[in-house]
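So the structure is just underneath, and the comments pick up after that.
Protein chains: 2
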Amino acid sequence: MGELDNILEEAKMPQITIIGLGLIGGSLGMALRQAYNGKAELVGYDSNSKAHNRAKKAGIVDRTEWNLDKAVENADVVVLAVPVGATPEIFQSIGPYLKEGATITDTASTKREVLVWADEMLPESVGFVGGHPLAGSGLSGSDSATPSLFTDKKFAVIPSTKAHQDSVGQVLKIVDDIGSSPFFLSADEHDSFVAAVAHLPAVISTALVSAIAKSPSWREMGKFASDEFGDISRLASVDPEVNHGLCRTNPDMIVYWINQMISELQDWRSMIVDENRNSSESPLMNSFVSAWEARARWSAGIDPVDFPQQEIPTAGDSMMSMLLGGHMARRLSSMTKDDGQDPTRYRGR
Amino acid sequence: MGELDNILEEAKMPQITIIGLGLIGGSLGMALRQAYNGKAELVGYDSNSKAHNRAKKAGIVDRTEWNLDKAVENADVVVLAVPVGATPEIFQSIGPYLKEGATITDTASTKREVLVWADEMLPESVGFVGGHPLAGSGLSGSDSATPSLFTDKKFAVIPSTKAHQDSVGQVLKIVDDIGSSPFFLSADEHDSFVAAVAHLPAVISTALVSAIAKSPSWREMGKFASDEFGDISRLASVDPEVNHGLCRTNPDMIVYWINQMISELQDWRSMIVDENRNSSESPLMNSFVSAWEARARWSAGIDPVDFPQQEIPTAGDSMMSMLLGGHMARRLSSMTKDDGQDPTRYRGR
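Next comes the structure, spelled out in structure tokens:
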């Protein structure tokens with residue numbers, strides 16, 4: 000961390016311009032204003048006049064600009080916080096006005112295309128360092144902006160090959176100053192990982208809504224839709240332009256995961272029609288338990304690789320207790336233990 | 000409502016026994032104790048001693064019983080609040096001990112099998128009336144029990160063909176007393192509707208976790224999993240026995256919807272590989288917008304059938320504003336309007 004501290008110490012940033020003042024851009028503005036308290040000037044731009052005025056009124060930035068060229072011409076750092084599909088046009092629009100040596104970064108949740116666009120469209124004299132805060136679920140609107148959005152969150156940093164060390168340092172400083180933990184990885188790695196845990200969920204959530212809303216019974220079914228449906232369909236409420244952008248810029252990885260998901264659903268279908276499905280030893284029941292365990296470990300922040308399947312006692316009071324906390328462990332334990340022992344003993348739903 | 004009031008007035012219920020003191024059973028106990036304030040005796044049973052003792056300590060019921068026969072022998076109403084798969088064994092266990100004329104009801108989220116079991120296993124002298132509160136997401140534990148769980152929620156009531164009017168009346172009274180709105184429908188209708196909006200989500204959520212957790216990159220991918228993954232995978236955290244029970248008792252309907260979902264994902268895959276995908280007029284973008292609209296209407300409680308697609312202005316300030324509220328309408332409107340108009344104008348992410 001000594002080296003990082005030096006980098007952070009040396010980096011200076013008189014003007015930071017944020018393009019796009021929605022949830023991410025707005026929260027970033029608020030977090031940076033808190034962090035710098037006048038030591039850096041924060042300039043905001045949003046094409047939407049409501050978002051623009053709201054940001055101005057709420058003091059999300061020090062000042063707003065109505066013209067993109069004016070917004071960036073004196074900026075030491077420019078942060079794009081827009082749907083990824085809008086990125087290339089912004090790069091082309093701001094390119095001619097960027098200061099020599101400026102650092103350009105973004106917050107989009109795909110990186111391969113963004114790096115290609117930066118390489119093709121931004122001038123050689125600036126440094127592009129891709130960024131992706133692992134915060135916010137894509138649900139949009141500066142109404143929900145909060146300076147703590149990034150606190151204790153991870154923040155992926157993906158520098159372009161041409162980016163100068165100073166640009167990387169400036170982005171690391173910003174990430175550190177908003178309370179996030181930066182980590183490096185390649186654009187390929189980044190896009191493959193987010194495809195599974197963020198983009199596939201967006202497609203599944205939206206496809207589920209499509210499938211159900213097409214049904215002639217949707218009017219009646221809608222009445223039965225409760226928290227279960229609300230949670231699983233939430234990503235269908237993300238700005239369609241944001242979701243469209245994911246599919247535009249990460250199609251191969253998303254298609255890979257759609258194929259995995261189709262294959263998985265075919266397996267589940269087989270397990271459900273299997274005549275042995277009712278048994279507590281059925282593949283169906285075992286699959287529910289395995290997924291429950293995987294999610295419990297994820298939710299508890301337990302690294303799955305450190306605790307491979309065979310180390311976990313199936314009726315465990317010991318390690319499961321330690322890993323998952325007493326209550327969850329007892330549930331799994333009692334579930335496993337009770338099976339078929341005493342038909343008059345039942346647990347509550 | 001006059002007739003319902005009469006029914007409610009005439010129904011008396013000195014003892015109500017709740018079998019299973021998890022989230023649903025525990026909340027029901029609390030809600031009924033509040034409602035009756037000593038006018039009915041609430042008896043609780045749970046095979047899990049922790050749940051039993053917690054219910055006793057928290058005053059969820061007036062008293063608890065360790066034996067199922069003792070718990071039900073004087074009960075005027077018996078409510079099962081257990082995973083649906085445990086239902087037949089409970090029916091068989093309690094059958095011989097039930098009082099003549101007692102009303103038996105349940106809270107399971109499938110109904111066809113439960114009615115068959117009731118018909119086969121319960122004595123002729125009692126009346127079975129199926130129930131399904133549209134509250135709680137299946138996430139379990141009496142730790143989260145609250146008397147307000149059912150307030151202003153819908154409550155499906157599905158009487159068996161043999162059930163006496165008095166039994167139906169007693170269940171309606173309970174539903175009314177806990178603050179829910181009862182409505183009738185057939186077991187077939189019930190199971191087909193919940194298959195789409197509750198059971199399919201449970202399978203999809205669990206299958207998604209299975210598919211991703213199998214990947215050798217899950218360790219790294221887990222770090223990228225944020226709110227998106229948390230929401231869409233939440234139903235994989237439901238007690239596996241509850242999820243297993245859905246698939247055991249509603250397999251045909253669930254398989255129908257799995258097939259719909261596979262077909263839908265195949266369509267999305269085609270739209271994503273389509274070379275026209277980047278266009279704002281592409282089927283991909285249109286599908287994201289349609290799903291966004293369907294979810295927005297559902298979320299706002301707007302009946303989809305009253306507002307068919309063609310009545311909604313695509314760049315609407317008028318009806319969309321009225322339907323969805325100013326902010327959401329503006330987002331959709333600006334999304335549609337801005338497209339391709341001015342390349343230097345971008346909205347925030």
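From first to last, the protein sequence lines stand for chains A and B.
With numbering that gives the first Met the number 0, the residue at position 281 of the first sequence is 280, and numbering never jumps.
With numbering that gives the first Met the number 0, the residue at position 140 of the second sequence is 139, and numbering never jumps.
Idealized CB from N, CA, C, for every residue including glycine.
By the criterion of Cβ-Cβ separation under 8 Å, what are the contact partners of residue i in chain B?
| i | result |
| --- | --- |
| Leu-234 of chain A | Glu-227, Asp-230 and Ile-231 |
| Ile-173 of chain A | Residues of chain B passing the Cβ test: none, with the nearest at roughly 17 Å. |
| Val-254 of chain A | Arg-268, Ile-271 and Val-272 |
Please tell me whether residue i has its Cβ less than 8 Å away from any Cβ of chain B.
| i | result |
| --- | --- |
| Glu-310 of chain A | A caution first: Glu-310 of chain A carries a pLDDT of 36, below 50, which makes its placement in the model too unreliable to give a value. |
| Val-90 of chain A | The question names Val, but residue 90 of chain A is Phe in the sequence shown. With 8 Å as the cut-off, Phe-90 of chain A does not count as an interface residue toward chain B. |
| Gln-169 of chain A | no |
| Trp-65 of chain A | no |
| Leu-264 of chain A | yes |
| Ser-317 of chain A | No answer about Ser-317 of chain A holds up, because its pLDDT of 33 lies below 50 and its placement is not dependable. |
| Lys-153 of chain A | yes |
| Pro-307 of chain A | Here Pro-307 of chain A scores only 36 on pLDDT, less than 50, and its place in the model should not be relied on; the value that follows carries that caveat. No, no contact with chain B. |
| Ser-332 of chain A | With a pLDDT of 47 at Ser-332 of chain A, under the threshold of 50, the modelled position of that residue is not reliable, and the figure given next carries that caveat. For Ser-332 of chain A, the answer is no, since every Cβ of chain B falls outside 8 Å of its Cβ. |
| Pro-250 of chain A | yes |
| Ala-162 of chain A | no |
| Ala-290 of chain A | yes |
Does chain A have any CB closer than 8 Å to the CB of residue i?
| i | result |
| --- | --- |
| Ile-15 of chain B | no |
| Glu-123 of chain B | no |
| Glu-2 of chain B | no |
| Leu-27 of chain B | no |
| Val-113 of chain B | no |
| Ala-57 of chain B | no |
| Leu-133 of chain B | yes |
| Arg-32 of chain B | no |
| Val-128 of chain B | no |
| Ile-157 of chain B | no |
| Pro-239 of chain B | yes |
| Ala-328 of chain B | With a pLDDT of 47 at Ala-328 of chain B, under the threshold of 50, the predicted position of this residue should be treated as unreliable, and no value is reported. |
Need the endpoints of the beta strand (DSSP E) that residue i sits in, please.
| i | result |
| --- | --- |
| Thr-16 of chain A | 14-18 |
Considering only DSSP beta bridges, list what residue i is partnered with.
| i | result |
| --- | --- |
| Phe-127 of chain B | B:Ile-103 |
| Thr-63 of chain B | B:Gly-43 |
| Phe-154 of chain A | A:Pro-132 and A:Pro-181 |
| Leu-79 of chain A | A:Ile-18 and A:Asp-105 |
Under 7 Å between beta-carbons, which chain B residues line up against residue i? List them in chain order, please.
| i | result |
| --- | --- |
| Thr-243 of chain A | A small fix is needed here, since residue 243 of chain A is His in this sequence, not Thr. Near His-243 of chain A (Cβ distances below 7 Å), the residues of chain B are Leu-283, Met-284 and Phe-287. |
| Met-220 of chain A | Phe-192, Ala-195 and Val-196 |
| Trp-297 of chain A | Gly-221 and Ala-224 |
Determine the chain A residues that contact residue i at a beta-carbon separation under 8 Å, and present them in chain order.
| i | result |
| --- | --- |
| Ser-216 of chain B | Ser-191, Phe-192 and Ala-195 |
| Met-260 of chain B | Ala-206, Leu-207, Ala-210 and Leu-264 |
Between which two residues does the alpha helix (DSSP H) harbouring residue i extend?
| i | result |
| --- | --- |
| Lys-49 of chain A | 48-56 |
| Leu-199 of chain B | 199-212 |
| Val-174 of chain B | 164-176 |
| Val-254 of chain B | 250-272 |
| Leu-283 of chain B | 282-298 |
| Val-113 of chain B | 111-120 |
| Arg-218 of chain A | 217-223 |
| Val-237 of chain A | Note, Val-237 of chain A: premise wrong, no alpha helix (DSSP H); not H, not E. |
| Gly-186 of chain A | Before going on, a small fix: residue 186 of chain A reads as Ala here, not Gly. That run of the alpha helix (DSSP H) goes 186-193. |
| Thr-86 of chain A | 86-93 |
| Ile-349 of chain B | It is not possible to answer for residue 349 of chain B, since the shown part of chain B is limited to 0 through 348. |
Just the chain A side, please: which residues come within less than 7 Å of residue i by C-beta, in chain order?
| i | result |
| --- | --- |
| Arg-53 of chain B | Near Arg-53 of chain B there are no residues of chain A at all, since even the closest Cβ is about 10 Å away, more than 7 Å. |
| Arg-62 of chain B | Correct list: empty, because the minimum Cβ distance to chain A is about 16 Å. |
| Pro-146 of chain B | Here the premise fails: no neighbours, minimum Cβ distance about 16 Å. |
| Ala-293 of chain B | Val-208 and Ala-212 |
Identify the contact partners of residue i in chain B, using a Cβ-Cβ distance below 9 Å as the criterion.
| i | result |
| --- | --- |
| Ile-177 of chain A | Within 9 Å Cβ-Cβ: nothing; Ile-177 of chain A doesn't reach chain B, min ~16 Å. |
With 8 Å as the C-beta to C-beta threshold (strictly closer), list the residues of the region 197-208 of chain A near chain B in chain order.
Flagged, chain order: Ala-197, Leu-199, Pro-200, Ala-201, Val-202, Ile-203, Ser-204, Thr-205, Ala-206, Leu-207 and Val-208.
Name, going along the chain, the residues of the region 266-282 of chain B whose beta-carbon falls closer than 9 Å to a beta-carbon of chain A.
Flagged, chain order: Asp-266, Trp-267, Arg-268, Met-270, Ile-271, Val-272, Arg-276, Asn-277, Ser-279 and Ser-281.
Going along the chain, which residues of the region 84-109 of chain A sit with their C-beta nearer than 8 Å to a C-beta in chain B?
Taking 8 Å as the Cβ-Cβ cut-off against chain B, the residues of the region 84-109 of chain A that qualify are Gly-84, Ala-85, Glu-88, Ile-89, Gln-91, Ser-92, Thr-106 and Ala-107.
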